[in-house]
Amino acid sequence: MSDSHDKRSESAGNGPRAAAPSNFIRDMIDADNISGRFERRVHTRFPPEPNGYLHIGHAKSICLNFGIAADYGGLCNLRFDDTNPSKEDIEYIESIQEDVRWLGFDWEDRLFYASDYFDQLYEYAEQLIEMGKAFVCDLSAEEMREYRGTLTTPGKESPYRNRSIEENLDLFRRMKAGEFPDGSRTLRARIDMASGNINMRDPVIYRILRATHHRTGDKWCIYPMYDFAHCFSDSIEKITHSICTLEFEDHRPLYDWFLDQCQVYHPQQIEFARFELPYTVMSKRKLLELVNKKYVSGWDDPRMPTICGMRRRGYTPESLRMLAERIGVAKKKTMIEVGVLEDCVREDLNKRAPRMMAVLRPLKLVIDNYPESQVEEFESINNPEDESMGSRKLPFSRVLYIEQDDFREVPPKGYHRLFPGAEVRLKHAYFVKCVGASKDARGQITEIHCTYDPDSRGGEAKDGRKVKGTIHWVSAGHAVTAEVRLYDRLSLKEDLGDVEEGGSWLDNLNPNSMEVLSDCRIERNIDRATSGDRFQFLRHGYFSVDPDTTAPKLVFNRIVSLKDSWAKIEKGQTKV
RNA sequence: UGGGGCGUCGACAAGUGGUAAGUCACCAGCCUUUGGAGCUGGCAUUCCCAGGUUCGAAUCCUGGCGCCCCAGCCA
Numbered sequence: 001m002s003d004s005h006d007k008r009s010e011s012a013g014n015g016p017r018a019a020a021p022s023n024f025i026r027d028m029i030d031a032d033n034i035s036g037r038f039e040r041r042v043h044t045r046f047p048p049e050p051n052g053y054l055h056i057g058h059a060k061s062i063c064l065n066f067g068i069a070a071d072y073g074g075l076c077n078l079r080f081d082d083t084n085p086s087k088e089d090i091e092y093i094e095s096i097q098e099d100v101r102w103l104g105f106d107w108e109d110r111l112f113y114a115s116d117y118f119d120q121l122y123e124y125a126e127q128l129i130e131m132g133k134a135f136v137c138d139l140s141a142e143e144m145r146e147y148r149g150t151l152t153t154p155g156k157e158s159p160y161r162n163r164s165i166e167e168n169l170d171l172f173r174r175m176k177a178g179e180f181p182d183g184s185r186t187l188r189a190r191i192d193m194a195s196g197n198i199n200m201r202d203p204v205i206y207r208i209l210r211a212t213h214h215r216t217g218d219k220w221c222i223y224p225m226y227d228f229a230h231c232f233s234d235s236i237e238k239i240t241h242s243i244c245t246l247e248f249e250d251h252r253p254l255y256d257w258f259l260d261q262c263q264v265y266h267p268q269q270i271e272f273a274r275f276e277l278p279y280t281v282m283s284k285r286k287l288l289e290l291v292n293k294k295y296v297s298g299w300d301d302p303r304m305p306t307i308c309g310m311r312r313r314g315y316t317p318e319s320l321r322m323l324a325e326r327i328g329v330a331k332k333k334t335m336i337e338v339g340v341l342e343d344c345v346r347e348d349l350n351k352r353a354p355r356m357m358a359v360l361r362p363l364k365l366v367i368d369n370y371p372e373s374q375v376e377e378f379e380s381i382n383n384p385e386d387e388s389m390g391s392r393k394l395p396f397s398r399v400l401y402i403e404q405d406d407f408r409e410v411p412p413k414g415y416h417r418l419f420p421g422a423e424v425r426l427k428h429a430y431f432v433k434c435v436g437a438s439k440d441a442r443g444q445i446t447e448i449h450c451t452y453d454p455d456s457r458g459g460e461a462k463d464g465r466k467v468k469g470t471i472h473w474v475s476a477g478h479a480v481t482a483e484v485r486l487y488d489r490l491s492l493k494e495d496l497g498d499v500e501e502g503g504s505w506l507d508n509l510n511p512n513s514m515e516v517l518s519d520c521r522i523e524r525n526i527d528r529a530t531s532g533d534r535f536q537f538l539r540h541g542y543f544s545v546d547p548d549t550t551a552p553k554l555v556f557n558r559i560v561s562l563k564d565s566w567a568k569i570e571k572g573q574t575k576v
């Protein structure tokens, strides 16, 4: 995987940001600050489970938690919710930290793990038992499911529900001591089997699970469940606002119940809605499957909506933060059009990416009246949006490459580029007029011929005549060959999970999500580029140097194309 | 007659009883040595529906409708 190469990335977590938009979470915090509920403190946390790589959806949560803390002069912790060693791995712990840092946030010395609290959590469990609020249950998983009831019918109380406190304590201690096999018993809260909220039907608090934990090793053979561990972890860290996603709304009564029973510091859980991006995957399970079954090259495949995938693709942290800001925070589940994300990167990169001339699909152009061995150099500005980025020299000669799409034998209506008899400007260089095209035996155009106007040096005709089109080009003898990878949506369907009976979501995968162009020609100035550098290839879009780049072979990823109003017009024409 | 949520422009989203912000998209024009960028203007008489309260309702009340989540010893 590429390392974090974003030298230009600025921290986003320190100091107040510009005008943060209003949302219901801020309203709640404001109200708490007025009432003095948390002594005007704001302390949030980002609590990922280290069982996968972070994706763009997590970025929203990260920006929200760290962003709110920063805006209110508060703190945000990074806490790994590592209560299920059978699914978790150190690889994920490392990648998550790298991703959060890359996004621009800093947890300073507040890196925590739920496993840091295992001893404390165990104490709370015994406390609950002593209060008669928890019991050891011998029901098997299947039996427990039967006893739980259904959505519309109440559950039945476990036959073990009324064991004595002494027996429960003894059994629980023996669970901890490893006297019973995995899955044979659980510790359950004693709440209400008839509750309409299934989470309150005597939920499991601890299960027996012999798995080596990445931090506590084999110290424990019982592990706490999410609901139990999470609220107490928040409490121990003196979190004020525990922000999570909507599916935990049903869990809030349980979150509150545990803390109330033990009479400990009590944060406020607040739930917000996740967002979806059409034509992609955001489910951790599916992302894992894509990686394991090699449908993609890895977690950081540039087509993946993972943070590391997007980083490798060339997205900037700024653009991801901008997205989070633009989509807002509410309780309505939303589908964010890809255009919003794309606009965010374009806006960011338009201001900072140096321009380069790159011909992706080369077509040879010979200037018949240009001296054979002559080479000129033209000064070209690196970024018209930022003069301070300077300029560079561009060699020009008799044989050039232009984009295949910039020449048409028969031009469609409104086409401003080259066709027999047409004159265009070669950006920064000269006006050229097309005088003919050569074809091979199969009728394919092999090269086109032009004449140039020596009086248009620099791109301005002396007689003042105008030209409609300006195209990019590269001198054939002075260009480097490179590979460019173009990406498209991973899914053919807006909802990748939309599957016919008997089918698999894998059938919805777009077989053409990556196109490799291996014979691209780029101006030689690109030579100095190193992995992670980003450019605007004139008239094409924004590209980044992929880490697959080796000394002789440059490899680029297309981050996003430029807006192409001609493509839109032409598409409209053919539709008729 | 299980519980919990949500419903404001094509997509997001402000609005918290005083007469529908903003962003993306889209459309039109200007400008342009990137058909890029930029600039200007347009884009919800109406807020899921129906009643009601009120001088006044997206906001309050009543009743509908639609969508999402929950029956892991996952988080």
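Everything in the first sequence is counted per full-length UniProt numbering, starting at 1 for the first residue and increasing by one.
From the three backbone atoms N, C-alpha and C, an ideal C-beta is built for every residue, glycine too.
Small disclaimer: the values here were computed from a predicted structure and weren't measured.
From the options, pick the residue whose C-alpha is nearest to that of residue i; which is it?
i, options, result
"residue 550", "392, 536, 516 and 483", "483"
"residue 102", "319, 540 and 481", "319"
"residue 543", "502, 42, 34 and 485", "485"
"residue 471", "540, 530, 512 and 412", "540"
"residue 229", "214, 179, 140 and 118", "118"
"residue 409", "182, 437 and 33", "437"
"residue 43", "270, 400, 345 and 456", "270"
"residue 514", "536, 558 and 402", "558"
"residue 348", "500, 317 and 378", "317"
"residue 160", "354, 466, 135 and 307", "135"
"residue 391", "164, 428 and 50", "428"
"residue 386", "360, 362, 361 and 352", "352"
"residue 216", "431, 89, 53 and 366", "89"
"residue 345", "241, 520 and 535", "535"
"residue 201", "78, 366, 227 and 523", "227"
"residue 376", "246, 547 and 457", "457"
"residue 93", "546, 104 and 78", "78"
"residue 368", "395, 454, 520 and 570", "454"
"residue 65", "53, 52 and 48", "48"
"residue 107", "51, 45, 130 and 157", "45"
"residue 281", "508, 140, 528 and 24", "508"
"residue 527", "510, 545 and 538", "545"
"residue 212", "115, 366, 356 and 554", "115"
"residue 50", "30, 163 and 214", "214"
Name the one or two DSSP bridge partners that residue i has.
i, result
"residue 436", "449"
"residue 536", "355 and 542"
"residue 462", "None, per the DSSP bridge assignment."
"residue 300", "None, per the DSSP bridge assignment."
"residue 76", "44"
"residue 275", "334"
"residue 520", "482"
"residue 270", "243"
"residue 402", "363"
"residue 474", "401"
"residue 53", "Its beta-bridge partners do not exist; DSSP assigns none."
Could you tell me the boundaries of the alpha helix (DSSP H) in which residue i lies?
i, result
"residue 556", "Careful: residue 556 lies outside any alpha helix (DSSP H), inside the beta strand (DSSP E) at 554-561."
"residue 241", "Run containing residue 241: none in the alpha helix (DSSP H); it sits in the beta strand (DSSP E), 241-245."
"residue 142", "141-148"
"residue 284", "284-292"
"residue 417", "First-last for residue 417: undefined, no H or E at that position."
"residue 113", "Here residue 113 belongs to no alpha helix (DSSP H); instead the beta strand (DSSP E) covers 111-113."
"residue 118", "118-130"
"residue 317", "317-327"
"residue 551", "Residue 551 -> no alpha helix (DSSP H), and no H or E assigned at all."
By the DSSP assignment, the beta strand (DSSP E) with residue i in it spans what residues?
i, result
"residue 395", "391-396"
"residue 377", "376-381"
"residue 134", "134-137"
Determine, using beta-carbon pairs with one atom in the region 261-270 and one in the region 290-298, whether at least three such pairs fall under 8 angstroms.
-> With the cut-off at 8 angstroms, the region 261-270 and the region 290-298 do not touch.
Do the region 55-74 and the region 323-332 make contact, defined as three or more Cβ pairs closer than 8 angstroms?
-> Three or more Cβ pairs drawn from the region 55-74 and the region 323-332 lie within less than 8 angstroms of each other, which places the two stretches in contact.
Whole runs of the alpha helix (DSSP H) within the region 329-360, excluding any shorter than 4 residues | List check, alpha helix (DSSP H) in window: 338-352.
Decide if the region 84-92 is in contact with the region 235-255; the criterion is three or more beta carbon pairs, one per stretch, under 8 angstroms apart.
-> Contact fails between the region 84-92 and the region 235-255, because fewer than three Cβ pairs, one in each stretch, are under 8 angstroms apart.
For the region 162-226, list the beta strand (DSSP E) runs that are entirely contained and at least 3 residues long, ordered along the chain.
-> As far as the region 162-226 is concerned, its whole beta strand (DSSP E) runs of at least 3 residues are 186-189, 204-208 and 222-224.
Would the region 147-159 and the region 94-108 be scored as touching if the rule is three or more Cβ pairs under 8 angstroms?
-> With the cut-off at 8 angstroms, the region 147-159 and the region 94-108 do not touch.
Is the region 200-208 touching the region 175-188 in the sense that three or more CB pairs, one from each, lie closer than 8 angstroms?
-> Yes: at least three Cβ pairs fall under 8 angstroms.
Tell me, please, whether the region 389-409 touches the region 455-468 by the rule of three or more beta-carbon pairs shorter than 8 angstroms.
-> Proximity of the region 389-409 to the region 455-468 falls short of the contact definition, fewer than three beta-carbon pairs being nearer than 8 angstroms.
How do the region 209-222 and the region 241-261 stand: do at least 3 beta-carbon pairs fall below 8 angstroms, yes or no?
-> The region 209-222 is not in contact with the region 241-261.
Pair every Cβ in the region 271-279 with every Cβ in the region 333-341, then say whether three or more of these pairs are closer than 8 angstroms.
-> Segment contact: the region 271-279 against the region 333-341, three or more CB-CB distances shorter than 8 angstroms; contact assigned.
Pair every Cβ in the region 448-458 with every Cβ in the region 485-502, then say whether three or more of these pairs are closer than 8 angstroms.
-> Flag = no, the region 448-458 and the region 485-502 do not touch.
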